[in-house]
Structures are given as C-alpha cells and as structure tokens.
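Notes follow the structure.
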Ligand SMILES: Nc1ncnc2c1ncn2[C@@H]1O[C@H](COP(=O)(O)OP(=O)(O)OP(=O)(O)O)[C@@H](O)[C@H]1O
Ligand SMILES: Nc1ncnc2c1ncn2[C@@H]1O[C@H](COP(=O)(O)OP(=O)(O)OP(=O)(O)O)[C@@H](O)[C@H]1O
Ligand SMILES: Nc1ncnc2c1ncn2[C@@H]1O[C@H](COP(=O)(O)OP(=O)(O)OP(=O)(O)O)[C@@H](O)[C@H]1O
Ligand SMILES: Nc1ncnc2c1ncn2[C@@H]1O[C@H](COP(=O)(O)OP(=O)(O)OP(=O)(O)O)[C@@H](O)[C@H]1O
Ligand SMILES: Nc1ncnc2c1ncn2[C@@H]1O[C@H](COP(=O)(O)OP(=O)(O)OP(=O)(O)O)[C@@H](O)[C@H]1O
Ligand SMILES: Nc1ncnc2c1ncn2[C@@H]1O[C@H](COP(=O)(O)OP(=O)(O)OP(=O)(O)O)[C@@H](O)[C@H]1O
Ligand SMILES: [Mg+2]
Ligand SMILES: [Mg+2]
Ligand SMILES: [Mg+2]
Ligand SMILES: [Mg+2]
Ligand SMILES: [Mg+2]
Ligand SMILES: [Mg+2]
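Residue numbers (my numbering), protein chains in the order written: chain Z, 522 to 794; chain S, 522 to 794; chain W, 522 to 794; chain G, 522 to 794; chain V, 522 to 794; chain L, 522 to 794.
If you want it as structure tokens, here you go:
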C-alpha cells in the first residue's frame with residue numbers, strides 16, 4: 522500500500538530534512554483509518570502541484586485540537602513528496618524575533634522557494650506565528666497580513682509551490698478572514714475511541730502480556746471511556762468522555778510505565794482529564 | 522465585437538505590462554453576460570478620462586467576493602486602454618514594508634503617473650493594503666488615509682488619471698468612509714448559476730467527451746446546485762447553494778482532473794462548500 | 522454686483538495663488554442663491570479682519586456633504602481678499618508625512634503668516650488632516666490638538682489673520698470639541714433641487730438644443746427627483762431623492778456626454794444614487 | 522477701591538509681563554459684580570502665599586465655559602501681585618512639542634520659580650495642555666501626571682509659590698482626579714444677563730447715541746434674551762437663552778459694527794447661538 | 522509615653538533625613554487617638570524587622586483620603602526607627618522620567634538598601650508612581666509590575682527591610698492585585714469630628730482668646746458639622762458633613778487667618794466643601 | 522521514607538543552587554499530607570524525564586493562592602533531582618528589563634539547558650513574568666508568546682528537560698490558552714484547617730509550654746476557624762473562615778511573638794483577614 526508506507530519515505534535532498542524528521546520523532550502510528558485519509562489527501566495536493574499548469578499555487582490547512590498530530594502529519598506529507606525544496610516555518614525558530622524580523626524571515630523562505638521548480642513550505646502553528654491570545658483578543662496584525670498576502674501570492678512563471686499550514690485554532694482563522702485563503706481544509710481529530718487507544722497501547726508495548734493489555738481496556742471501558750466508535754465523533758451534543766491528542770496520550774503512557782500498576786494509572790489519567 | 526475582444530489586446534508600451542499579464546494567467550473566460558458588461562463599463566471610464574476636460578481624475582472600484590475575478594478584470598481593462606502609463610499597486614509587492622514605506626511606495630506611483638499625460642493605476646486588494654482584519658477591527662489608518670487623500674487628489678494641469686481599485690470587502694470601505702471617494706462602483710459577482718459552470722467546464726476541457734460532460738451537469742443538478750439562472754442572484758433570502766469564485770472553481774476542476782471520476786469529485790467539491 | 526463677481530477676482534501677489542486657483546478649476550457656477558450668500562458671508566469676515574482692532578483673529582468653518590463645493594468656495598473667498606499672504610493647507614500636500622512633520626508644517630504656515638500684516642490661511646478637509654476614520658473612531662490626536670491650539674492663538678501685535686477651514690464631517694468636529702473653536706459656521710449644502718441641476722446643465726452645455734434640455738428635465742421630474750424647491754432642504758423627515766454634490770454632478774454630466782442618450786443616462790445616474 | 526483697580530496695576534519686573542499683558546489685550550470690563558469677586562478671591566490667595574508660613578504652596582483653579590475670560594482674569598491677578606517671578610505656561614507655546622518635551626518645559630518653569638522667594642505660575646487651558654479630546658476619551662497621561670505631581674510639590678525651604686490654573690472643562694478634571702489637587706476653585710461664568718451685555722455695549726461704544734443703544738436692548742428683550750438677572754444662572758432646569766462668553770460677545774459686536782443695522786445684526790447673532 | 526514622643530525622635534544618620542523631615546514640616550499634631558494607634562502600629566512593624574529571623578521583609582501600606590496625613594506619618598515612623606538606611610521614593614523626584622528610568626530609579630533604591638543590615642524604604646503615593654488615572658483606566662503597567670515584584674523580593678541573607686507605602690486610592694490597589702502584596706494595611710482617616718478640629722485650632726492658635734475659639738466651635742456646631750464623635754466614621758450610610766484632611770484643614774485655617782472674622786470664614790469654608 | 526526526606530537533599534553541583542535554596546529559607550514543614558503528595562508527584566515527573574525516551578520534554582504547573590508555598594515546593598523538587606542543570610527563572614531577576622530583554626533572557630536559559638543531558642528549569646510566577654494585571658486586562662503578549670512556544674519546544678536529540686512553572690493565577694493561564702501547554706497540573710492549596718496551623722505552631726515554637734499552645738487552639742476554635750478538616754476544602758459554597766497561605770501564617774506568627782499575649786494576637790490576626 523503506497524499511502525500506508527508514506528511515513529517511511531524520505532526525500533533525496535530535502536532542504537530542512539533533519540528538522541522535519543525531528544517533529545515526527547515518535548513516528549506515525551496508523552491507529553485509525555482517518556490517518557491514512559489525511560495522508561492520502563495531502564499526497565493528492567502534492568500531485569496537483571506537480572501536474573496542473575493552471576494551479577501553480579496550492580494551499581492546504583491541517584487543523585485540529587492541540588496535540589492531535591498536525592505537525593507530524595504535515596511534515597510526513599512534505600517529506601514524502603520528493604520535492605527539491607521543503608522548508609519548515611516554525612514559531613520555535615523565531616523566539617525573540619520582533620514583528621519585522623519574523624516577516625522578513627517568512628518572506629525569505631518564500632523567495633528561496635521560488636528558486637526551485639517544485640517547493641513545499643510547512644507553516645506550523647499559525648496561531649503562534651501571529652501571537653494570538655484570546656484575551657482581547659490580541660495578535661500581531663503585521664505578521665498576519667504578511668501571511669495572508671503570501672498565502673495568495675502566485676509563484677513566478679514555471680515555479681510551483683505547495684503550502685501546508687497547521688493550526689489548533691480554526692475558528693480564529695475564520696474570524697481573521699484567513700480561512701478563505703486556503704484551497705483545502707484537512708481536519709485532524711483528537712482520539713475519542715478506545716479502538717485507537719488499543720492500537721497505540723500495542724505499538725508502544727506498555728504491557729508485557731496480552732492479559733494485562735485486556736485488563737487495561739476493560740478498566741477504560743468500565744470508566745465509561747468507550748462510548749465512541751470513531752475518532753472525532755462525540756456523543757449527541759455532549760463532549761466525548763475520552764478526548765485526547767496522540768501527543769498527550771503518548772506522554773500519559775510513558776508516565777504510567779513508571780507506575781506499579783500502569784493499567785490503573787493510565788485509566789485514572791484518561792478519566793480525570 | 523470590440524468589448525468581447527478586449528482581453529486579447531495588449532498595449533504597446535505599458536510600464537508594468539508583465540506584472541499585469543501575469544494576474545490574468547488563466548485568461549478571461551466569457552462565461553456569463555455580466556463579464557462583458559463589466560469590461561464595457563471599465564472601457565467607458567477609460568474613454569471619460571481620455572476625452573473630458575472637466576474630469577481629469579476618474580476613480581472606479583471593482584468589488585465582489587474572494588476569487589470572483591476582480592484583479593484579472595481590472596488588469597484586463599487597464600491593459601486594453603493603450604495608455605502610456607499603467608501600474609499595478611499590489612500588496613504582494615509590499616510584504617515586509619512598514620506603514621511609512623508603503624505610503625511612500627504608493628505615493629511614488631502617483632507622482633510617477635503625473636509625468637504621463639494619460640495614466641492608469643490599479644490599486645489591488647485595498648483591504649489587504651490597509652491591513653484590515655475584522656477582529657477589533659484593526660487596520661493601518663495611516664495607509665488608509667494616504668489612499669483616501671490620493672483617491673481625491675486631482676492630477677496636475679494637462680495630466681489625466683484613471684484609478685481602478687479592487688476589494689473583496691465593500692462594507693469595510695463603507696464603514697471607513699472610503700466608498701464615497703469613488704465615482705463609480707462595479708460589482709463582480711461569484712458564480713451561482715450552472716450555466717456559467719457549464720461554460721467554464723468546456724473552456725477547461727475537463728471531459729474528453731460530451732457524454733461525460735452532460736453526466737457531470739446532471740450530477741450537479743441532482744445535488745441541487747442548479748437553482749439560479751444568473752450569477753450573483755441568490756434564492757429568496759437564503760444564500761444560493763452554488764456560490765464559488767471563478768478562481769476556486771478553476772482549482773477544483775484541476776483537482777478533479779486527477780481523480781478517477783472527475784464528474785463525481787467535482788460535484789462533491791461544489792456540494793460541500 | 523460685487524459679490525457675484527467675486528470669483529473673477531485674483532489678488533495681485535497671493536503666496537499660493539496657483540494652488541488655490543487649481544482647486545476651482547471648474548469655476549464657481551451661481552446655480553442657486555445660497556452660493557452668493559456664502560460668498561458674501563466670507564467677504565464680511567474678510568472685512569472684519571481688515572478693519573476691527575478688537576478681533577485680529579477670525580475663524581470660519583465651511584462644512585457640508587462631500588463634493589458640495591467647500592474647497593472651491595473657501596479658495597474663492599481667499600483669492601478675492603487681496604491680502605498679501607494667502608496659503609492653502611491641504612492633506613494632499615502632506616501624504617507620507619508623520620504626525621510630527623504635519624504639525625511642524627502647519628505650525629510653519631502660521632508662523633509665516635505672522636510676518637504679513639493681513640493673512641488668510643485655508644485649512645482644507647480637517648477630517649483628513651486629523652486622519653479621522655469612523656471605525657473606532659481613530660484619528661491623530663496630536664494633529665487635532667495642534668489645530669485646536671492654533672485656531673485660538675492670537676497673532677502677534679499688529680498682525681491679523683483669517684482662518685477659513687473646510688470639513689465634510691461637522692458632527693465629528695462637534696464630538697471633538699473643535700466646533701467651539703470657530704467664531705463662524707457656514708453651511709454648504711448639496712444640490713437637492715432640480716432648479717440647480719437645470720442651471721448647471723445649461724452652464725456645462727450638455728445638450729445642443731433646448732428641446733433635449735427640456736426632455737431631460739422632464740425625465741428627471743418623472744423619476745421623482747423634483748420634490749425640493751431649495752438646495753439642502755429634504756422632505757419631511759426622509760432624505761431627499763435628489764442629493765448630489767456639485768463635484769459629482771459635474772462628473773456624471775461628463776459621463777453622460779459619452780452616451781448615445783445623455784438625458785437618459787444622466788437620469789439613470791441621478792436616480793440610482 | 523483697591524480691588525477694582527487691580528487691572529490697572531503692573532508689576533515692576535515680572536518675568537513674562539509682555540506675554541501676560543497680551544492675553545488681556547481687550548482689558549477687563551467690570552460688566553458684573555462677580556468680576557470683582559473673582560479678582561478679590563485671587564488677590565486673597567496672593568496674600569496667603571505672601572504671609573502664611575504654613576502654606577508655602579497655594580493652588581487655585583479658574584474654570585468656566587469657553588471664552589468666559591478665564592485667561593484674562595488669571596493674568597490680571599498675577600500681574601497685580603508684584604511678585605518677582607511670574608510665568609505663563611500656555612499650550613500656544615508648545616505646539617509641535619512631544620510629550621517628553623512638554624513635561625521638561627513645564628518642569629523647568631517650576632524649577633525656575635524655586636529660585637525666587639515669591640512666584641506665580643499661570644497654567645493656562647489644562648484641557649489643551651493634556652491634549653484632552655472627549656472621543657475615547659484620549660489625552661496625554663504623562664503630561665497629566667507631571668502636572669498632577671507638580672501641583673502638589675511643595676517648593677523648597679523659604680520659597681513660596683502660587684499656581685493659578687485655568688480650564689474650560691471642570692468635569693474632565695474631576696474625572697481625572699485632578700480637581701482635588703487644587704486648594705481653591707473659582708468659577709468664571711458666561712454672560713447670561715442683559716445687564717452685562719448693556720455694560721459691554723457701552724464700553725465698546727457700538728452705538729453712537731443712547732437711542733440706538735436703547736433700541737438694541739429692546740430688541741434683545743423682545744427676542745426673549747432677558748430672562749436672567751445674574752450671569753451664570755440659568756432658568757429652572759433649562760439652559761438660558763442668552764449664554765455667551767465675553768470673548769465671543771466682543772467678536773459679535775465687532776461683526777455687527779460692519780453692518781448697516783448693528784442692533785438688528787447683534788440681536789440675530791445672539792438669538793441663533 | 523514612648524509612642525507619643527515618636528515624632529520628636531530623629532535617627533543618628535538617616536540617609537535622606539532632610540527630605541523626610543520636610544514632608545512633616547507642619548509636625549504631627551495628636552488631634553485624635555487614632556494618630557497614636559497608627560504610629561504604634563508602624564513602630565511594631567519596625568520591631569518585627571529588627572528582631573524576627575523568619576521575616577526579613579515586612580511591607581505595610583498606609584492608605585486614606587487625600588491630605589489625611591499619610592506621607593507625614595510614614596516619614597515619622599521611618600525617622601523614629603533609627604535604622605541606618607532610610608529612603609523616600611516619591612513621584613516628586615521623578616517628574617520627567619520615562620517608565621524605564623523610573624523603574625531603574627526605584628530598583629537602585631532597593632539595591633542600595635541591601636547594603637545596609639536594617640533599612641526602611643518609604644514608597645510615597647503609589648497611585649502617582651504608577652501614573653494612575655481613573656479614565657480608561659490608564660496607568661504604567663511596567664512601573665506597577667516592577668513595584669509588585671520588588672514588594673515581594675526577599676532581601677539577601679542577613680539583610681532586613683521594611684517597606685512603608687502610601688496611597689490615597691486603596692480600591693485601585695485591590696483592582697490591580699497589589700493589595701495582597703502587603704503584609705499589613707493601616708488606614709489613615711480624614712477628620713470628621715469637631716473634637717479633632719478643636720484640637721487643631723488650638724495648636725495653630727487661630728484665635729487669640731478662648732471666647733473667640735468657643736464662638737467658632739459654636740458656629741461649626743450650628744452649621745451641622747458636629748455629628749461625628751470619632752474621625753473616619755460617617756453617619757448611617759450618608760457621607761459625613763464634616764470631612765476634611767488635616768492638610769486642607771491647615772490651609773483653610775491659614776486662609777481664615779487673613780479674614781476680618783476668621784471664625785465665620787472657617788465655618789463657611791468647612792460648610793461648603 | 523524517601524519522599525518525606527526530599528527537602529533535606531541537595532544536588533552535588535546544581536547551577537543556581539544558592540538561589541534555589543534561598544527561596545526555601547524557612548524550610549518545608551510537613552504540616553499536612555498534601556505536601557508529601559505534591560513532592561511525590563514532582564519526583565515522578567523527574568523520573569519520567571530521566572527514564573522515558575518518548576518524552577524528552579515534560580512540563581508541570583504548580584498553581585495555588587498567593588503564599589501557599591508554590592515556589593518553595595518547586596525549588597525543593599528541583600534541588601532533589603540531582604540533575605546537572607537546574608535554573609530558576611524569576612521575575613525578581615528581571616526588574617527593569619524590557620520585553621525583548623526578558624525574552625532573550627528566558628531564551629538563553631533554555632539554550633543553556635540544552636547543553637546538559639538532564640535539565641530542570643523552574644519558571645516562577647508566570648503571572649508576573651507576563652506582567653499580568655486584571656485591569657484591562659493587560660500583559661506582555663510577546664513574553665507570553667515566547668513562554669508558550671518554549672513550553673512546547675522539544676529539546677535537541679539526547680537532551681531532556683523538565684519545566685516546573687508556578688502561578689498564583691490559574692484562571693488567567695486558562696484564559697490565555699497557556700494551561701493546555703502543561704502536561705501536568707499540581708494544585709498547592711492554602712491552609713484552611715486548624716490541624717495544619719497546629720503543626721506549624723509547634724514547628725515554629727511560638728509557645729513555650731503546651732498549656733499556652735492548647736489555649737491558642739481553643740481561642741482559634743471559639744473564633745469559628747476550625748470548620749475544615751483538610752486544607753483547600755471550603756464550607757459548602759461559602760469561602761472558609763480560615764484561609765491563609767503558609768507564607769503569611771509564618772509572618773503573623775512572628776508578629777504575634779512580639780506581643781504580650783501571642784495567642785490572642787494571632788487569633789485576632791487570623792480572624793480579621
Ligand atoms: N498517526 C499519528 N499522527 C500524528 N502524530 C503521530 C501519529 N502517531 C504518532 N504520532 C506522534 O504524535 C506526536 C504528535 O505531535 P504533533 O506535535 O505533531 O501534534 P500537534 O497536533 O502538531 O500538536 P500541537 O497542537 O501542540 O502543535 C508526534 O510525536 C508523532 O510522532
Ligand atoms: N471572466 C473572468 N473574470 C475574471 N477572471 C477570470 C475570468 N475567467 C477566468 N478567469 C481567471 O480567474 C482568475 C481570477 O482570479 P483573480 O485573482 O482575478 O480573482 P480576485 O477576485 O482578484 O481574487 P481575490 O479576491 O483573491 O483577490 C484568474 O486566474 C483569471 O485568469
Ligand atoms: N457654486 C459652486 N460652488 C462650489 N464649487 C463649484 C461651484 N460651481 C462649480 N463648482 C465646481 O465644483 C467643484 C467643487 O469641488 P470641491 O472640491 O470644491 O468640493 P468639496 O466640497 O471641497 O469636496 P470634498 O468634500 O471632496 O472636499 C469644483 O471643481 C468647482 O470648480
Ligand atoms: N471682565 C472680563 N473678564 C475677562 N475678560 C474680559 C473681561 N472684560 C473684557 N475681557 C476680554 O475678554 C477676553 C476674554 O478672553 P479669554 O481668552 O481670557 O477667555 P477664556 O475664558 O480664557 O477663553 P478660552 O476658553 O478660549 O480659553 C479678553 O480679550 C479680555 O481682554
Ligand atoms: N496627626 C497628623 N498626621 C499627619 N499629618 C499631620 C498631622 N498633624 C499635622 N500634620 C501635617 O499635615 C500635613 C499632612 O500632609 P501629608 O502630605 O502627609 O498628607 P497626605 O495624606 O500624604 O496627602 P496626599 O493625599 O496629598 O498625599 C503635613 O503638613 C503634616 O505636617
Ligand atoms: N510545606 C511547605 N510548603 C511550602 N512552603 C513552606 C512549607 N513549609 C514552610 N514553608 C515556607 O513557606 C514559605 C512559602 O513561600 P513561597 O514563596 O514558596 O510561597 P508562594 O506560594 O510561592 O508565594 P507567592 O504566591 O507570593 O509566589 C517559604 O518561606 C517556605 O520556606
Ligand atoms: Mg504542532
Ligand atoms: Mg484580487
Ligand atoms: Mg474639499
Ligand atoms: Mg483661555
Ligand atoms: Mg502624601
Ligand atoms: Mg512564589
């Protein structure tokens with residue numbers, strides 16, 4: 522299967538390959554079907570840029586709750602493209618920069634990309650790039666405006682560009698009139714089904730034997746955490762009892778590993794979230 | 522027909538001809554009668570500037586939803602004028618500039634235009650030029666004020682100037698007292714009728730044969746997307762089901778082209794917008 | 522008649538005569554009695570400054586809707602004074618200036634005026650000078666404060682100064698406590714009576730013959746645009762159907778001139794405003 | 522009578538005597554008893570500073586509507602003190618200064634005053650010094666704070682200081698917690714009684730003969746402008762019909778002087794205020 | 522009695538002794554029992570710093586209405602401590618400083634204090650230090666934050682510090698989360714009882730003889746100013762008729778001294794406050 | 522018992538050991554079981570960082586009312602880790618720094634930590650670091666954003682980092698979307714039970730004999746301060762009568778020590794809080 526193997530592919534000469542590989546340090550676990558759907562959608566956009574003459578610029582937004590895996594998935598899609606220019610624009614590399622410096626930095630990445638016939642720019646955590654805070658609300662309008670313009674700026678002749686952006690705050694983008702700047706919207710849900718937890722528990726080998734594994738699932742069920750069949754779908758109206766990003770789930774598993782009774786510890790952790 | 526041929530004309534020595542031609546890279550498709558009306562209205566304003574002594578300054582605003590074709594139409598009108606000075610003022614060329622720099626840039630374009638007897642300045646995407654964001658709302662008042670003054674500033678003796686501006690946010694201009702600065706207002710609607718989609722599908726040759734084309738139109742009809750006869754007219758009160766800018770429509774067509782069943786893919790895309 | 526001839530007078534050595542004459546490029550048409558009243562009121566203020574020892578500083582505000590002719594009238598009054606120092610302070614000359622620079626510029630004009638025994642300063646478009654925008658609202662308070670102080674600053678001994686200011690936003694001045702800084706308030710209404718349109722049509726010679734002229738007036742009447750007898754007076758409560766500044770009326774006439782049926786075109790233009 | 526003669530006295534070596542005399546260019550007319558009360562109150566404060574050891578710093582605020590004569594009265598009190606240091610701090614001398622510069626300027630005046638054993642500082646138009654505008658409202662908080670501190674700062678040993686401040690916006694000072702910084706509050710009312718107008722008309726000799734003068738008073742009475750007996754007192758609840766500062770009254774008189782029928786012109790002017 | 526004599530004590534080598542003595546220029550009058558209570562409370566905090574090892578940092582706030590004597594009392598407590606380092610931080614010494622400069626100034630005082638084993642810092646008029654104005658409200662957040670941090674910053678090993686702060690706006694400190702930074706809160710009320718006025722009148726010797734003194738008290742009583750027994754206690758719900766800070770009372774007494782009938786003048790002054 | 526002894530352990534070569542020890546100058550008293558729970562939770566996080574490869578970054582927030590002991594507990598956990606890099610980031614070391622300087626400072630601490638294989642950074646009093654004030658509210662968004670990014674920034678390969686942050690304002694962090702940045706939340710309650718007061722009184726040896734001690738507890742009980750069994754739990758709905766941070770309790774005890782009747786003094790102090 523081509524798509525399922527995406528995460529094992531690395532491009533021959535990606536520009537910031539190391540950086541991109543680091544953000545998927547824990548790999549991509551195929552704990553649910555939607556993971557493959559997301560990877561496939563991303564791959565389609567890669568192909569659109571590669572082949573269509575009418576659309577030299579394609580923009581896609583991966584959005585979902587904190588820790589749901591947006592950055593890792595965007596990086597994986599980018600790495601698997603084989604494009605000669607791939608660059609991660611992350612707030613982590615901009616700590617201490619002022620507004621003007623940030624804009625100059627982002628602008629330079631775009632100008633660099635125009636030197637390559639096929640490019641991908643991953644713009645990570647837009648809400649942090651624009652320094653969004655819900656109180657006020659406040660944010661850096663100059664950085665927002667620069668992003669907004671760059672997201673619509675067609676590359677020069679014979680240059681093609683795919684922009685993959687991530688954000689944990691889709692409503693904010695809507696309020697800022699930035700959503701409409703994206704051609705595609707890809708949702709990355711949190712984990713709300715026990716089926717996905719089951720998968721992750723096995724991949725991380727929290728339990729030595731199957732018995733312990735089954736006991737843990739039983740405990741989670743008893744705690745009322747098994748009501749959803751598919752990730753991202755809540756109960757009728759109410760928020761689902763189980764609702765955790767893959768990032769935090771991995772951390773809780775590691776925390777549980779230190780305990781005398783990991784099954785119990787994990788159930789407690791997921792229960793009181 | 523003179524007006525229908527407008528988009529094929531290019532001036533002999535337009536100043537930023539290349540730049541202007543790029544923004545109409547996909548050409549102007551005459552998918553509906555209003556396209557010709559808009560081009561004719563623009564042409565009339567060109568003539569007013571060329572001939573009337575009492576009105577050496579004429580200003581027109583092209584406004585409509587995102588991607589409805591404003592920039593391409595303004596550029597086409599400008600290119601067809603044959604005026605010796607034509608210049609595009611676009612936020613894409615100002616990324617990273619501060620307020621003062623932007624104002625100086627725009628001001629210089631105006632001063633340059635005064636050196637030519639007949640000039641056109643296309644001011645693109647006013648809402649981005651003034652860094653408008655609906656939250657707050659916030660915007661750059663100095664840039665807004667400079668635009669407001671320049672839009673009313675009569676060129677020196679024996680100089681004539683046509684200003685074509687575009688904006689996807691007409692209510693914002695109203696709220697800012699900027700609408701009244703324009704002598705003419707030209708509306709550029711989104712596509713809401715299947716008739717226009719039909720036209721575009723043919724021009725882009727998405728389907729090899731007529732059968733497939735008809736099947737696609739049938740699918741779109743079944744999906745309830747065929748309720749409007751004319752673009753820009755919605756149902757009684759409710760927003761029309763089909764509502765897409767020509768820019769996004771072209772992108773969806775290119776995306777559908779990659780699919781095994783383009784008709785199905787396109788219907789799905791237009792249906793869940 | 523002295524006052525009716527005002528607009529033909531030019532001073533012997535006005536400082537910025539050229540600039541002032543340019544803003545009345547289309548001349549002053551005496552399309553209604555209030556035009557003469559305004560010119561006479563202005564003239565009286567000129568005389569007060571010239572003769573009274575108790576009032577070496579006189580300030581008058583011309584206010585009215587956009588394009589009603591404020592700037593042209595203020596310039597005409599100033600030009601007809603014969604004072605040795607006449608200066609136009611216009612936002613058009615300050616594009617790109619920062620707040621401090623604007624204040625310094627205005628302040629210099631005042632200091633220059635103090636060198637002449639009799640001076641007039643025309644401060645045009647106060648709402649733009651202070652960068653007013655209704656959203657917020659926002660404006661430049663330092664510039665506003667400087668104007669406010671200068672409007673009340675008595676010239677040095679044996680120096681006399683008339684300040685003629687214009688604004689299309691009288692309520693704003695009220696809200697800003699700036700109205701009270703003016704000794705006189707002169708209202709410049711928009712055109713709301715067909716009688717004035719009749720006059721302007723004749724002066725601009727839109728129609729070759731009287732028949733066409735009469736047909737046009739008939740058309741305007743049928744469209745319901747003939748309800749007011751005097752400019753500036755609306756219907757009982759409701760805004761008048763006809764409501765247009767002389768500036769825009771002149772432009773619509775020029776536009777109609779390009780049409781096959783100017784009478785019809787003009788009626789349509791005035792009807793859908 | 523000592524107090525009535527105050528306005529004729531000038532100190533032997535006042536520091537900014539010229540400047541102070543200029544602001545009372547039209548002299549002080551004793552058109553009503555309250556004028557003498559204000560001058561006497563001011564004089565008492567001068568004596569308090571001169572004699573009491575417990576109160577080396579005295580602060581008084583003259584407040585009243587625009588043009589009621591605050592600046593002229595404060596200057597007159599200061600000039601009559603005979604103190605060796607008298608200085609006018611006026612916004613008119615600070616046009617174009619930034620906040621820091623203004624504060625430095627005011628601070629320097631205070632430090633200079635400390636070099637003299639007896640000093641008076643007139644701080645004119647506090648609302649303009651702090652750049653107050655009711656929209657927002659906005660003002661310069663740093664300048665306000667500097668004034669607030671300086672108004673309470675005791676002069677060094679063996680130095681005494683009287684601060685006379687004026688403002689046309691007493692409620693603003695209250696809202697800013699600045700009123701409480703003054704030991705004394707002196708109200709300067711507008712003219713609301715015909716008796717005062719009568720007095721001023723005689724002093725300015727608007728009419729050549731007594732007949733004309735009486736006719737004018739008669740006209741004003743008929744217009745309903747004679748309802749108040751004392752200045753500053755309105756009707757029961759409603760604002761008085763006659764309500765004008767001495768400054769504007771003097772200007773209207775000068776304007777009327779140019780007219781063929783001054784009595785009629787003046788009545789019209791006072792009637793439609 | 523030790524505490525009653527506090528105000529006569531001066532330390533052997535206080536750092537800014539002169540400055541501190543100046544703010545109590547009119548001495549401390551023991552016009553009511555609460556004055557002694559305040560001085561004793563202050564003295565207790567001095568002892569706590571001197572003796573307890575667990576509390577090397579003690580912070581107390583003296584708050585009360587304008588002119589109630591806060592600064593004089595804080596200075597008196599500090600002077601009587603005999604500590605080798607005593608410093609007054611007052612807004613009067615910071616006029617013209619910017620935010621950064623103010624913070625540096627205050628910070629330096631704290632660092633200087635750490636060089637002495639026992640120190641007192643009097644931070645006067647916090648509401649002015651932070652440039653508080655109720656409109657907005659506005660204030661200098663950086664200065665506020667610096668104060669907030671310094672108020673909780675423990676001195677280095679073997680160093681002890683007492684911070685005495687004053688403010689006439691206790692609710693503001695509450696709103697700013699700054700109240701909780703103080704270990705002790707000391708209220709300094711205004712004078713609301715005739716008993717205290719009686720005491721002050723005698724100490725200032727307004728009247729030559731006992732008869733006049735009694736007549737004055739009688740007058741004040743008749744005016745309804747004698748309803749309270751103790752300072753700081755108002756009537757049931759309503760604000761007390763008599764309500765004046767010692768600072769303003771002293772000034773009114775000096776003003777009355779200039780009058781022919783001081784008793785009458787004083788009664789009028791206290792009555793119409 | 523390992524955990525109970527935590528506070529006696531000091532690391533062999535902690536970087537800012539002195540600074541950290543100073544903030545626990547009064548030691549950790551084990552006055553209630555939750556103190557041990559907090560220390561144990563902290564220790565578990567230390568172990569997670571030391572052992573798990575999947576979680577090289579762990580972040581925990583200690584939050585609770587002012588003076589409840591957050592800083593002392595965080596420092597104690599850090600000191601007991603034995604990690605080679607331990608650093609306290611405190612607002613006390615940043616007085617006078619501007620926003621950019623603060624960000625640079627914090628950023629440098631993080632970069633320094635990356636040089637050590639195992640590191641702990643204690644970020645103290647986040648609400649002061651970001652200069653939070655509830656009026657407005659106002660805060661430094663750039664500092665907040667830098668913290669937000671750094672809290673999620675994974676250390677480089679083979680580096681591990683534990684971040685322990687403290688805040689007395691948990692709702693603020695929630696409002697700022699900063700809570701979600703922490704993997705663990707540890708609550709540090711105030712003292713609301715007499716049992717804890719009992720313990721602290723004994724450790725501080727306020728009373729020489731058991732009789733006096735019992736009398737004090739009796740007094741506190743009679744005052745109605747004995748209603749809670751466990752710290753941090755209030756009555757049904759209402760705030761508990763007894764509610765004091767350990768920091769303030771220690772100060773009140775020291776104050777009471779100076780009194781003739783410490784039991785009475787302490788009861789009064791705790792009663793009128
Ligand atoms: N199927 C998966 N999809 C995404 N991430 C996965 C998956 N399986 C495992 N992971 C791991 O989970 C983590 C996801 O973290 P990531 O930073 O990508 O989340 P995020 O949504 O970007 O978080 P944030 O909202 O904080 O930006 C990574 O360590 C990744 O290796
Ligand atoms: N009839 C048409 N009118 C306008 N554009 C057309 C037409 N037919 C095809 N196009 C193509 O559609 C695209 C319109 O994009 P354009 O950028 O002009 O839209 P826009 O309204 O300015 O978008 P935005 O709101 O993002 O500024 C161009 O690529 C243009 O070549
Ligand atoms: N009677 C008239 N009064 C004023 N202007 C007239 C008159 N007759 C003709 N005009 C012409 O009309 C135009 C009036 O424009 P003007 O710029 O003075 O209007 P305005 O009210 O200042 O506009 P704006 O509100 O944009 O500042 C000028 O070109 C002037 O020559
Ligand atoms: N009795 C009077 N009191 C004050 N001014 C008088 C009096 N009689 C005549 N005048 C004249 O009236 C004018 C008063 O103007 P002034 O500038 O003092 O008023 P103002 O209240 O300070 O005005 P503004 O509110 O604009 O500051 C002066 O020219 C002064 O000479
Ligand atoms: N018992 C007293 N307490 C305080 N001040 C007294 C007392 N008796 C006399 N005074 C005198 O009263 C004055 C009090 O003024 P002080 O500046 O201390 O008041 P304040 O409350 O600090 O005023 P502000 O609110 O303006 O800061 C001083 O001059 C002081 O000498
Ligand atoms: N069990 C305990 N937990 C914490 N602190 C204790 C404990 N026992 C005694 N203490 C002492 O109590 C004081 C707690 O003060 P600390 O500054 O840590 O509180 P805080 O909650 O950080 O205060 P703030 O809200 O002001 O930051 C320290 O002096 C500490 O030595
Ligand atoms: Mg991410
Ligand atoms: Mg466009
Ligand atoms: Mg104008
Ligand atoms: Mg004045
Ligand atoms: Mg004080
Ligand atoms: Mg702390």
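Backbone N, C-alpha and C define an ideal beta-carbon position, used for all residues, glycine too.
Exposed or buried, residue i, counting other C-beta atoms within 10 Å across all chains shown (16 or more means buried)?
i: residue 692 of chain G; result: exposed
i: residue 558 of chain L; result: exposed
i: residue 751 of chain Z; result: exposed
i: residue 584 of chain S; result: buried
i: residue 615 of chain L; result: buried
Starting from residue i, trace the beta strand (DSSP E) in both directions and tell me its first and last residue.
i: residue 610 of chain V; result: 606-610
i: residue 643 of chain V; result: 639-644
Following the continuous alpha helix (DSSP H) through residue i, name the residue where it begins and the one where it ends.
i: residue 551 of chain W; result: From DSSP, residue 551 of chain W is part of no alpha helix (DSSP H); its letter is neither H nor E.
On a Cα-Cα basis, can you pick out the residue from the options that is closest to residue i?
i: residue 626 of chain Z; options: Z:639, Z:581, Z:612; result: Z:612
i: residue 647 of chain Z; options: Z:764, Z:638, Z:672, Z:635; result: Z:672
Would DSSP call residue i helix, strand or coil?
i: residue 690 of chain W; result: coil
i: residue 670 of chain S; result: helix
i: residue 628 of chain L; result: helix
i: residue 580 of chain Z; result: strand
i: residue 708 of chain G; result: strand
i: residue 656 of chain W; result: coil
Our contact map puts residue i next to residue j with C-beta atoms below 8 Å; I'd like the distance itself, whole angstroms only.
i: residue 619 of chain L; j: residue 766 of chain L; result: Contact flag wrong, Cβ pair sits at about 31 Å.
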